[in-house]
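To start, the structure itself, in structure tokens.
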Amino acid sequence: MESILLLLLYSAFCTLLLVILLKKIRRDSLQKPNLPPGSMGLPYVGETLLLYSQNPVTFFATRQKRHGEIFKTHILGCPCVMLGSPEAIRYVLVTQAHLFKPTYPKSKEKLIGPSALFFHHGDYHAKMRKLFQPSFSQNVIRNLIPQIEAIATSALDSISGGKVVNTFYEMKKFTFEVAVLSIFGHLDTSYKEILKKNYNVLDKGYNSFSIRLPGFSYTKSVMARRRLGKILCEIIEERREKRVDEKDLLGRLMNFKDHENGQLLTDDQIADNVIGVLFAAQDTTASLLTWILKYIHDDSKLLQAVKEEQKTIFEANDEGERGLTRAQTRNMPLTDRVIMESLRMASVISFTFREAVDDVEYNGFLIPKGWKVLPLFRNLHHNPDFFTDPLVFDPSRFEVGQKPNTFMPFGNGVHACPGNEVAKLEILILIHHLVNKYRWEVVESRNGVQCNPYPIPWRGLPAKFWKAPYNN
Ligand code: HEM
22 MESILLLLLY
32 SAFCTLLLVI
42 LLKKIRRDSL
52 QKPNLPPGSM
62 GLPYVGETLL
72 LYSQNPVTFF
82 ATRQKRHGEI
92 FKTHILGCPC
102 VMLGSPEAIR
112 YVLVTQAHLF
122 KPTYPKSKEK
132 LIGPSALFFH
142 HGDYHAKMRK
152 LFQPSFSQNV
162 IRNLIPQIEA
172 IATSALDSIS
182 GGKVVNTFYE
192 MKKFTFEVAV
202 LSIFGHLDTS
212 YKEILKKNYN
222 VLDKGYNSFS
232 IRLPGFSYTK
242 SVMARRRLGK
252 ILCEIIEERR
262 EKRVDEKDLL
272 GRLMNFKDHE
282 NGQLLTDDQI
292 ADNVIGVLFA
302 AQDTTASLLT
312 WILKYIHDDS
322 KLLQAVKEEQ
332 KTIFEANDEG
342 ERGLTRAQTR
352 NMPLTDRVIM
362 ESLRMASVIS
372 FTFREAVDDV
382 EYNGFLIPKG
392 WKVLPLFRNL
402 HHNPDFFTDP
412 LVFDPSRFEV
422 GQKPNTFMPF
432 GNGVHACPGN
442 EVAKLEILIL
452 IHHLVNKYRW
462 EVVESRNGVQ
472 CNPYPIPWRG
482 LPAKFWKAPY
492 NN
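So, in structure tokens, the structure goes:
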């Protein structure tokens, strides 16, 4: 009898425990946000092979269609959350930016230099931003116009022999020169050449596998990076010796003093930031320029309209005898819309990377600490809810304003591109000279996209350029 009673008591206790446990599980599952929808793919490799077997644009777009504005995946060894809506992207880049830090592979950080501003978050980043911004302000860049015009004309002259050139590579030469100008102001040709030579080696290995064995591209890049560091230290030292106090970006980096602790930047920190700007400025702008040349080449009516807009300015300047003014570069409405539409269509920065610094809940979904978070700019720019017929190139859509936070080719928030005005200015100037004084023909125009890693037209847009007699 006693043992039956004990058994009954024991089973009542177990039932009670079970009920409490079930209630707790239910309460927890109600309270704890779930991970976003989506597949994490195969163990270890996740969905990496799928990503590489197709165009990244298609990879992200199909998943967004299936799962909505926020979804999870696992690529390149990392669990990731992808974001495709204006609200979610704004949340990560602007309103809750402190919860998401930029993240890059260590191998890339090594090539650029760990103190480059875009690797950082918080105090150091804020101080560097404050230092950078005046160097790219309207007041400063208006003084660069005559030199950018000279660089543009020289770049176009050099390719105008009628031979087929890789447009992207040629545009890279142009954007490199402009980046050097915006960092150093005037720089001796010998320094410029040696910087260019070594930066090109660094650039070649940037997207290769980070294998540190003799002869491999990555190893060559690391060595070129070392040489670049030395050259930059020499330039800095020479300025110090000559007591040159320039107001350009290099001068500002050299004069920076932290108000809180009185510390100056080390030469290595300065070099990392200089190389960071070269990196941020060159391929992005060259890729966009290449797309613009393709888009206007493929639409003869649009090209004619751009030519007419630019011809009026050219004539007002005595057929190019006088240089462009900032007021003129600010009054090229059609060319400006062509740039905006190209920024949308090409979305050269298709997405960016952040990492959650803590567990974050967004719209009922959990973004776990340490997960990568990718705002998908291209998906936003190609979303038919925000841009009707998104795959049609139509600059007139920019005659009216866009819905808030649906167009962010230069990013948003604390890391938004500080060089966007420089980029637009150099593009306007190059187009002005190109359509007034030169002609070009795309050879084997195809609609493919190559990722290099930025999207560029098929094979970098092979084209022929030649000088045109005025009014032709
Ligand atoms: C068409 C050309 C360009 C495009 C589309 C572009 C786009 C962007 C985007 C989207 C970001 C933000 C990345 C992120 O949030 O992770 C960025 C950052 C940056 N860009 Fe640009 N950029 C262009 C040209 C330039 C130029 C010409 C310069 C310099 C002269 C420049 C300097 C920078 C720097 C230094 C950053 C890092 C800012 C920070 O982390 O605080 N960019 N750019």
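Count along the sequence shown from 1, then add 21; that gives the number in our numbering. Even glycine gets a Cβ: it sits at the ideal position worked out from N, Cα and C. The model shown is predicted, which means the values in this text are computed figures rather than measured ones.
Cβ-Cβ distances below 6 Å link residue 462 to 485 in the same chain, with the five nearest sequence neighbours on each side left out; the list follows chain order. For residue 146, the CB falls within less than 7 Å of some heavy atom of the ligand HEM.
The DSSP-derived three-state label of residue 434 is helix. A contact is defined here as three or more CB-CB pairs under 8 Å, and the stretch 149-166 fails this definition with respect to the stretch 467-478. According to the DSSP assignment, residue 356 belongs to the alpha helix (DSSP H) that extends over 354-367. Between residue 151 and the set 134, 216, 489 and 278, the nearest pair of CA atoms involves 278. Shown here, residue 383 sits in a strand according to DSSP, grouped into three states. Fully contained in the stretch 98-186 are the following alpha helix (DSSP H) runs of length 4 or more, in chain order: 107-111, 127-133, 144-153, 159-162 and 166-179. In the assembly as shown, residue 453 is a buried residue. Its beta-carbon has 16 or more other beta-carbons within 10 Å. Residue ranges of uninterrupted alpha helix (DSSP H) with 4 or more members, entirely inside the stretch 46-85 and ordered along the chain, are 69-74. Relative to the ligand HEM, the beta carbon of residue 105 is positioned no closer than 7 Å to any heavy atom.
Looking at the DSSP output, residue 393 bridges to 101 and 376. A distance below 8 Å separates the beta carbons of residue 398 and residue 430. Listed in chain order, the non-local C-beta contacts of residue 300 below 6 Å within the same chain comprise 133, local neighbours out to five positions each way being set aside. Bounds of the alpha helix (DSSP H) holding residue 328 are 321-337.
When Cβ pairs closer than 8 Å are counted between the two stretches, the stretch 347-360 is seen not to touch the stretch 64-77, the count staying below three. Pairing residue 349 with residue 445, the inter-Cα distance amounts to about 13 Å. With respect to the 8 Å criterion, residue 414 and residue 123 are not classified as neighbours on the basis of their beta carbons. Residue 292 has its CB no nearer than 7 Å to any heavy atom of the ligand HEM. Residue 206 has its Cβ no nearer than 7 Å to any heavy atom of the ligand HEM. The beta carbon of residue 387 sits closer than 6 Å to those of 54 and 56, all from its chain and outside the five residues before and after it, given in chain order. Per DSSP, the unbroken beta strand (DSSP E) holding residue 485 starts and ends at 483-488. Sequence-distant partners of residue 344 (beyond 5 residues in either direction) whose C-beta falls short of 8 Å from its own C-beta, in its chain, are 166, 167, 170 and 338. About 27 Å separates the beta carbon of residue 383 from that of residue 145, a gap too long to meet the 8 Å contact definition. Nearest neighbour of residue 136 by Cα position, chosen from 297, 441 and 67, turns out to be 297. Under the three-state reduction of DSSP output, residue 475 falls in the coil class, being neither helix nor strand. Nearest to residue 434 by alpha-carbon distance, out of 142, 77 and 60, is 142.
Assignment of residue 285 by DSSP, reduced to helix, strand and coil, places it in the strand class. 8 Å or more divides the Cβ of residue 82 from the Cβ of residue 196. By DSSP's assignment, residue 243 forms no beta bridge with any residue. DSSP, reduced to helix, strand and coil, places residue 462 within a strand of the structure shown. Three or more pairs of CB atoms, one per stretch, sit closer than 8 Å, so the stretch 270-277 contacts the stretch 201-208. Assignment of residue 225 by DSSP, reduced to helix, strand and coil, places it in the helix class.
The secondary-structure analysis by DSSP pairs residue 92 across a beta bridge with 103.
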